[in-house]
DNA sequence: GTAAGGGTTCACGCCGGCGTGAAGGTCAAG
DNA sequence: CTTGACCTTCACGCCGGCGTGAACCCTTAC
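Protein chains in written order, with our numbering: chain A, 41 to 156; chain B, 41 to 156.
Laid out in structure tokens, this is it:
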């Protein structure tokens, strides 16, 4: 299928799909005229990519660990290798830190608003 | 006083102080040779700016409402005018939204990590 | 004279997943 | 042939508070 069809099937913009290719997350074949040609398995792969992005992973991390992705009846998950475990742990810590920062900002804003 | 002294007194870098001037938050006098000359009241003002920034306000918003800032015994606060009230409300909503997004990311990451 | 230590004005870099034209090739349909 | 819908490859814009040189001026001490 061509890019616009994959875009419709996945709900992801064509621009994003090209971006994923630039990042090495997709490697579609090319037609004689240079058009990107995707297979049905790319639909699943894009869904996996989106799941990982929505979990906070960057494209470089996704590229490193895309082999670890499995999609089963119980949802999408990752088969753990040591590096991946460490990467996800540090990501979790970063997310927690950002959450704490946001909470601080929010409370400081409340103080600015109501204090006095 | 010169910029490095104000930087030390406030704990804010000289670069940041120049940045605040670029944004219209500070308007130091100039010596004959072009050096920025600050007064003691600028120490308070910088503290107010830092408080507002740490609460999530951007420099443009700070510039618009810097007149509303008061620093008293009960901490730094803002005298409310309608526009300011609306601005702070929308900011609070944006912070809440970002907090919700982060929570979602965090839980999705947990699912990726442990599911399967 | 000069080295040292501050001050000044640019102006790019960051962080990153895409949006958004711009300029131009491909292809089926009328 | 021509419209028009889709495709391609660049490549800048975003969001923004500063970090970080670069290149150059002022002043003081030796």
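We put the beta carbon where it would ideally sit given N, CA and C, even for glycine.
Spatial distance of residue i from residue j (CA atoms)
| i | j | result |
| --- | --- | --- |
| residue 48/A | residue 110/A | 23 Å |
| residue 53/A | residue 142/B | 23 Å |
| residue 114/A | residue 154/B | 11 Å |
| residue 126/A | residue 91/A | 19 Å |
| residue 80/B | residue 95/A | 48 Å |
| residue 50/A | residue 56/A | 11 Å |
| residue 118/A | residue 131/B | 36 Å |
| residue 89/B | residue 107/B | 11 Å |
| residue 124/B | residue 152/A | 11 Å |
| residue 58/A | residue 97/A | 18 Å |
| residue 140/B | residue 139/A | 9 Å |
| residue 121/B | residue 150/A | 16 Å |
| residue 87/A | residue 41/A | 16 Å |
| residue 83/A | residue 83/B | 58 Å |
| residue 66/B | residue 112/A | 58 Å |
Proximity test, Cβ basis, 9 Å: residue i and chain A
| i | result |
| --- | --- |
| residue 132/B | yes |
| residue 136/B | yes |
| residue 154/B | yes |
| residue 118/B | yes |
| residue 104/B | no |
| residue 70/B | no |
Interface flag, residue i vs chain B, CB-CB below 9 Å
| i | result |
| --- | --- |
| residue 76/A | no |
| residue 61/A | no |
| residue 115/A | yes |
| residue 128/A | yes |
| residue 55/A | no |
| residue 58/A | no |
CB of residue i within 9 Å of CB of residue j, strictly
| i | j | result |
| --- | --- | --- |
| residue 68/B | residue 43/B | yes |
| residue 76/A | residue 61/A | yes |
| residue 46/B | residue 78/B | yes |
| residue 64/B | residue 116/B | no |
TODO: Could you say if the segment 91 to 107 of chain B and the segment 67 to 82 of chain B meet the contact criterion of at least three C-beta pairs nearer than 8 Å?
DONE: no
Open item on the list: With a threshold of 8 Å, are at least 3 pairs of Cβ atoms found where one atom belongs to the segment 123 to 138 of chain A and the other to the segment 145 to 156 of chain B?
Closed with: yes
- [ ] Could you list the residues in the segment 138 to 149 of chain A with a C-beta less than 8 Å from some C-beta on chain B, going in chain order?
- [x] Listed by position, the residues of the segment 138 to 149 of chain A near chain B (Cβ gap below 8 Å) are 138, 139, 142, 143, 144, 145, 146, 148 and 149.
Open item on the list: Give me the subset of the segment 85 to 97 of chain A whose CB atoms are less than 9 Å from a CB atom of chain B, sorted by chain position.
Closed with: 91, 92, 94, 95, 96 and 97
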